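A.B. asks: This is the structure I have questions about; it appears just below.
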Amino acid sequence: MSALFPQSLIPDNDAMRLRVLHQYQIVNTTPEKIFDDYVALTARLFNLPISLISLVDEERVWFKASVGAPAGITSLARPDSMCSAAILQDTPVFFSDYTRESCDLVNPATAEALGLHFYAGTALLTTEGIKIGVLAVIGREHRVFSTAESELLQALARLVSKTIELRGRYLDANNPDGWEKAQRELETQLDDNFALARYLATRTQGINLEDDEIAQVIKQRLSNMDVVLDNKLL
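13 is the number of the first residue of the sequence shown in my numbering; add one for each residue after it.
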C-alpha cells in the first residue's frame, strides 16, 4: 500500500469541493473523444488493460472516460470506488496487490468481483488545487509501481486537469466552437503520442520507463502538450 488513509472517506472540505466540481458542468455527461484519447494513451503507456478518468460526486463516482472497463459501467457508488480514497491523498495512491485489507474505507466487493488486483490513481486538480477526480490505471495482476511511473501518471493527470479547466472556460463563455477547435488540436497531439507509445511498445516489447532515453522522449512529448494547454489557459 502506498499511503495511510484518514478515518473518513469524506474530506473536511467536501461541500466546497463538490461546489467546485459542479461548476465545471462535466459530471454525468456524455463521452467526449478528447478524454477517451487520454485514457487510451494512459493504458498504452502503462501497458495495463484499464484506465479511467473519474469524477467524485457526493454519492457516486462518475467515469468521464474509460478504456478496458466492463461495458455499461458508467459510475459506482462512492464507497465502492478506490478513486474516492485516492482524492484524499496529495500523492499518487497505488496498490501493487489489492486485497480486502488494503483500504478499510472502500468496499472491496466490486474490485474482487472483477478480479482487479493492481490500482494506481492520482488526483485531478483544479487551478486552486481542489481535488475533483482521479486519473487511474488498473490491472488484474500484481505489479510494482516505480517512481518513474508515478511521475508519468502525475504528468498525464495534469494534462487531463488542464483540459477539464479549458473545457469549463469555453462552456462558461458560451463558446462551443472554440472548444471544438481546441479539442481537435489536442487530439492531434494525443494521436501522435499514441503512435509513439505503440512504436516504443513494439520496439522494446513493452515501454520501459526505467530507460532514461525512452522516459525523456515521452516526458518531452507530454511537456509540449502542457505548453499548449498553458497558452490556451492564459
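Idealized CB from N, CA, C, for every residue including glycine. Fair warning: this is a prediction, and the values are worked out from it, not measured in the lab.
Give a single yes or no on whether proline 43 has its beta carbon closer than 7 Å to a heavy atom of the ligand ZN.
C.D. replies: Absence of the ligand ZN is noted for the structure shown, with no ligands found whatsoever.
A.B. asks: Would you mind stating whether serine 108 and arginine 155 have Cβ atoms separated by less than 8 Å?
C.D. replies: A contact, by the Cβ cut-off of 8 Å.
A.B. asks: According to DSSP, simplified to helix, strand and coil, what is tyrosine 110?
C.D. replies: Residue state, collapsed to three classes: coil.
A.B. asks: Measuring CB atoms only, is the segment 63 to 71 touching the segment 86 to 103, in the sense that at least three cross pairs come out at less than 8 Å?
C.D. replies: They touch, by the three-pair rule.
A.B. asks: Just how far apart, CA to CA, sit serine 235 and arginine 179?
C.D. replies: So the alpha carbons of these two residues sit roughly 20 Å apart.
A.B. asks: Confirm, please, whether the CB-CB distance from threonine 175 to leucine 241 is below 8 Å.
C.D. replies: Against a cut-off of 8 Å, the Cβ pair of threonine 175 and leucine 241 comes out as a contact.
A.B. asks: Can you have a look at serine 158 and say buried or exposed, based on whether 16 or more other CB atoms are within 10 angstroms of its CB?
C.D. replies: Serine 158 is exposed by the Cβ-count criterion.
A.B. asks: Note down the Cα distance separating leucine 164 from leucine 88, rounded to an integer number of angstroms.
C.D. replies: One C-alpha to the other measures close to 26 Å.
A.B. asks: How far does the alpha helix (DSSP H) with threonine 266 in it extend, from its first residue to its last?
C.D. replies: With the chain covering 13 to 246 only, the question about residue 266 has no answer from this structure.
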